[in-house]
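So the structure is just underneath, and the comments pick up after that.
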Amino acid sequence: MAVAPIKSTFGKVGKSYPGSYLSRGGSSEFYAGGRNDQRRLNTRNLNQDIADMMTAHRHKMMLGDSRYIYQSFSSIAGAVKQKANYVYGGSWRLQSLSADTDFALAVEEDFKRLDQMFDIRGSNFGFRKNVWRGSKMLDVDGDFFVILTEQKDTGFPKLQFIEAHRVGDWGECRDGYVNDSKAYGGRRILSGVIVDDYMAPIAYRVKDGSRGRGFQDVPANSMVHFTDMEWFSQGRGTPTIAAAILDWYDLSETRDAQKMKQKINSILTLVESTESGTRDIGKNALGIGGGGSVPATTYMDSGMIRIIKNGGSLKAHTANDPPEGWLKFTQLVETSAFYALGWRREMLDSSSVGGAGVRGFAADINKSIASRREVLESGYKRLAQYIIAKRAKMGAYDLPADWWKISFTKPAEFTVDEGRMRTQDREDLRAGLITATDIAERRGEDFEDVILTRAKELAKVKEIAQQYGHDVSEISILTKPGDPLPDDSNSNNSNNED
8 MAVAPIKSTF GKVGKSYPGS YLSRGGSSEF YAGGRNDQRR LNTRNLNQDI
58 ADMMTAHRHK MMLGDSRYIY QSFSSIAGAV KQKANYVYGG SWRLQSLSAD
108 TDFALAVEED FKRLDQMFDI RGSNFGFRKN VWRGSKMLDV DGDFFVILTE
158 QKDTGFPKLQ FIEAHRVGDW GECRDGYVND SKAYGGRRIL SGVIVDDYMA
208 PIAYRVKDGS RGRGFQDVPA NSMVHFTDME WFSQGRGTPT IAAAILDWYD
258 LSETRDAQKM KQKINSILTL VESTESGTRD IGKNALGIGG GGSVPATTYM
308 DSGMIRIIKN GGSLKAHTAN DPPEGWLKFT QLVETSAFYA LGWRREMLDS
358 SSVGGAGVRG FAADINKSIA SRREVLESGY KRLAQYIIAK RAKMGAYDLP
408 ADWWKISFTK PAEFTVDEGR MRTQDREDLR AGLITATDIA ERRGEDFEDV
458 ILTRAKELAK VKEIAQQYGH DVSEISILTK PGDPLPDDSN SNNSNNED
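Numbering (my numbering), first residue to last: 8 to 505.
Next comes the structure, spelled out in structure tokens:
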């Protein structure tokens, strides 16, 4: 007999638990690092479920920080968009895996034709292109939601994508429990996610200005939650940008200081040293200076002269900024932050990657793309299955027993050496280590589509050859300028024989 699952016992934020490393008991000799230390004062409450520590308030604060960093740093915005480009890759075409070939073809054609009609906002938000936005949302917001709905008059399936800030603890949710709902009263709510005794989502509280109370509870079977959970006790997604928020804020301060320094250095042209450190009064009589009360800065054309107290001299102002040490420090901070993002800083400029590091670098990027694709594909399959069921209900096609078996075409694999990878693919294919399907998928193609295209090309070649009285081999041979024609090579061989 199977063991019954353990119910989650939700605690309050800040609660201390007996036997934790803060207690006076235990042996510090066994775990020397567990001794009482001043540096632990700010970490005493981390021995809890993530859902207890990440309150709705802190979740909102983290979301605001992450969005600010994304909007304020061009390198972060570029990295997030670049990652989304590779995850989407112009791919994500639905493929039916049903044994019923007629049904499979009908479903695939249906999705191609109606791609821009499923999103409730219209053609600017295509079903496939929303993958790009979804990848960006996971990095910046940590999660997003999709409501499964329909068009009232026709029953046509519709999808409503909801951003992270619209799901929250609205209404009466004191101490993290729902107090204003008959259906979910007394249930725990985790930043808008209403859960059962085992922390499984049963509803989502979504902001809705059309209702008197300002929100509605959407049942979990009508909502798809896209997120990449890092903890088993987690309730909401965490932005990948969040891990380096403090680093980005620190870097922002140093960059602002360096920018100000650069502006000052670009304005300063000459430095004049005088005994008083002010403008010379004698020069004032000539109309080129001022008295002691005049600021020690003189503007000339587009530059300025700074007067300092010293022996009389006039020299050009020079500056070697930004300093090399600061640039290296900036790169170090950015590199660490990009790792937390699941990306590599070298993607901004891959010229610094060379030798054996190229393959490791490409492998890291492809693993990150595959991980993100897996998260999105899980939710996208549910969206597609909902659409297929609704379309069948409308009479678009009949559902076979295996109608739910679907997949999506993969984006092309990232490589920094396209020629080498293609050569290796051919060698591996000859050795039987991979298949033609594997190669097609690495290029972001579907093998069946490739074969069909080749078959159509061959049929067209045969048709044209017959029409103009040529042999198929004559117009099928691919030559380069300077290559001998087949007839020429034959004649040369015959002459040599004679």
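We put the CB at the ideal spot given by N, CA and C, even for glycine.
Through-space distance from residue j to residue i, alpha-carbon basis
i: Arg100; j: Ala113; result: 14 Å
i: Trp177; j: Ile196; result: 10 Å
i: Ala462; j: Glu455; result: 10 Å
i: Phe2; j: Glu452; result: Since the first residue of the chain shown is 8 and the last is 505, residue 2 is not available in this structure.
i: Ser73; j: Asp148; result: 7 Å
i: Arg437; j: Met428; result: 14 Å
i: Pro208; j: Glu470; result: 60 Å
i: Arg262; j: Arg450; result: 40 Å
i: Leu104; j: Arg173; result: 36 Å
i: Lys397; j: Phe163; result: 7 Å
i: Asp107; j: Pro407; result: 7 Å
i: Val153; j: Asp126; result: 10 Å
i: Lys548; j: Glu331; result: No statement about residue 548 is possible, as the shown extent of the chain runs from 8 to 505 and does not include it.
i: Gln269; j: Asp257; result: 19 Å
i: Thr444; j: Ala111; result: 19 Å
i: Ile441; j: Asp435; result: 6 Å
i: Trp333; j: Val365; result: 27 Å
i: Ile13; j: Gly141; result: 33 Å
i: Phe239; j: Asn54; result: 14 Å
Residue(s) in a DSSP beta bridge with residue i
i: Leu101; result: Phe415
i: Lys165; result: Thr156
i: Arg195; result: Tyr184, Val202
i: Val10; result: According to DSSP, Val10 bridges with nothing at all.
i: Glu170; result: Phe151
Which listed residue (the options) has its alpha carbon closest to that of residue i
i: Val382; options: Ser82, Asn52, Phe134, Leu145; result: Leu145
i: Ser214; options: Val147, Leu121, Val200, Arg352; result: Here residue 214 is Lys; the residue named in the question, Ser, does not match the sequence. With distances taken between Cα atoms, Lys214 lies closest to Val200.
i: Glu353; options: Gly219, His64, Ser82, Ile13; result: Ser82
i: Lys374; options: Thr62, Lys388, Glu420; result: Glu420
i: Ala377; options: Gly162, Ile248, Trp350, Arg65; result: Trp350
i: Asp203; options: Arg181, Pro226, Pro164, Ser217; result: Pro226
i: Asp356; options: Thr342, Met230, Ala347; result: Thr342
i: Ala369; options: Tyr404, Val423, Gly332; result: Val423
i: Arg65; options: Arg243, Thr261, Ala111; result: Arg243
i: Trp255; options: Gln158, Thr337, Val185, Glu115; result: Thr337
i: Ser198; options: Tyr211, Tyr205, Tyr191, Ala190; result: Tyr211
i: Lys90; options: Lys143, Ala63, Asp59; result: Lys143
i: Leu348; options: Arg389, Ala249, Arg366, Leu440; result: Ala249
i: Pro418; options: Tyr75, Trp238, Arg380, Ile482; result: Arg380
i: Asn532; options: Asn54, His477, Tyr393; result: Look at the range of the chain in this structure, 8 to 505, and you will see that residue 532 is not part of it.
i: Tyr346; options: Gln473, Asp44, Asp409, Ile252; result: Ile252
i: Arg181; options: Gly193, Tyr475, Asp405; result: Gly193
i: Ser15; options: Asn52, Met68, Asp59; result: Asp59
i: Ala403; options: Glu115, Gln102, Ile13; result: Glu115
i: Met230; options: Glu157, Ile458, Ser259; result: Glu157
i: Trp139; options: Gly97, Lys159, Leu121, Phe118; result: Gly97
i: Ile395; options: Leu166, Trp410, Asn92, Ser385; result: Trp410
i: Ala11; options: Glu448, Ile274, Tyr205, Lys388; result: Tyr205
i: Leu155; options: Asn272, Ala391, Thr460; result: Ala391
i: Ala190; options: Ala472, Phe118, Gln223; result: Gln223
Close-in-space but distant-in-sequence residues of the same chain around residue i (CB under 7 Å, 5 per side omitted)
i: Arg220; result: Gly178
i: Ser300; result: At Ser300 the pLDDT is 49, less than 50, meaning the model places this residue with poor confidence and gives no usable figure here.
i: Asp187; result: Gly178, Glu179
i: Tyr77; result: Ile83, Ala84, Val87, Val147, Ile248
i: Val468; result: Val479, Ile482, Ser483
i: Phe80; result: Trp255
Beta-carbon proximity list for residue i, same chain, < 6 Å, skipping 5 on both sides
i: Gln545; result: Residue numbering for the chain in the displayed model covers 8 to 505; residue 545 lies beyond these limits and cannot be assessed.
i: Gln241; result: Ile57
Residues of its chain near residue i, where Cβ-Cβ distance is below 8 Å and the 5 sequence neighbours each way are ignored
i: Met401; result: Thr161, Gly162, Phe163
i: Pro302; result: Its pLDDT being 47, under 50, Pro302 is placed unreliably in this model, and the value from its coordinates should be taken loosely. So the list is empty, once near-sequence residues are dropped.
i: Ala399; result: Asp405, Leu406, Trp410
Min CB distance residue i to chain B below 7 Å
i: Val340; result: The structure shown contains no chain B; it holds only a single protein chain.
Uninterrupted beta strand (DSSP E) stretches inside the region 203-235 (no shorter than 3 residues): 208-214, 222-226, 230-234
In chain order, each alpha helix (DSSP H) run of at least 4 residues that lies wholly inside the region 117-154: For the region 117-154, whole alpha helix (DSSP H) runs of length 4 or above, ordered along the chain, are 137-147.
Contiguous alpha helix (DSSP H) assignments of at least 4 residues, all confined to the region 414-484: 425-437, 443-449, 454-475, 479-483
Ordered list of beta strand (DSSP E) runs contained in the region 347-405, each at least 3 residues: none
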